[in-house]
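Colleague: This is the structure I want to talk about, given as structure tokens.
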């Protein structure tokens, strides 16, 4: 995943990396994978795994995981296709 984020030829990763660079002193960045999401849910919300596994599309699992993670940890969610600007 780190190599994906460093791939400078992709507009998406450039924007994402720019946000990370702007706010790295204030935030911890975690790039979740399908595997890490499932492991995390199994650890913290094991009663939900059967529902999680029942979703027919991967995007449904990703979307619901976002809410569990934000509820549990708090913070800010940023999709890979988001860019940000630093105020002056």
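Numbering (the numbering used here), first residue to last: 133 to 220. Think of the CB as a built atom: it goes at the ideal place given N, C-alpha and C, for glycine as much as any other residue. None of the values given here were measured: they were computed from a predicted structure.
Which residues in the same chain as residue 201 place their Cβ atom closer than 6 Å to its Cβ, once the five residues preceding and following it in sequence are excluded?
Modeller: Around residue 201: no qualifying Cβ.
Colleague: Where do the N-terminal and C-terminal ends of the alpha helix (DSSP H) with residue 188 fall, by residue?
Modeller: Looking at the DSSP string, residue 188 is not in any alpha helix (DSSP H), and its letter there is neither H nor E.
Colleague: In whole angstroms, give me the CA-to-CA distance for residue 151 and residue 194.
Modeller: Distance between the alpha carbons of residue 151 and residue 194: 21 Å.
Colleague: Look at the alpha carbon of residue 191 and the alpha carbon of residue 166, and state the distance between them as a whole number of angstroms.
Modeller: When rounded, the distance between both Cα atoms is 10 Å.
Colleague: Between residue 160 and residue 215, what straight-line distance do the alpha-carbon atoms span, to the nearest angstrom?
Modeller: Each residue's alpha carbon lies about 17 Å from the other.
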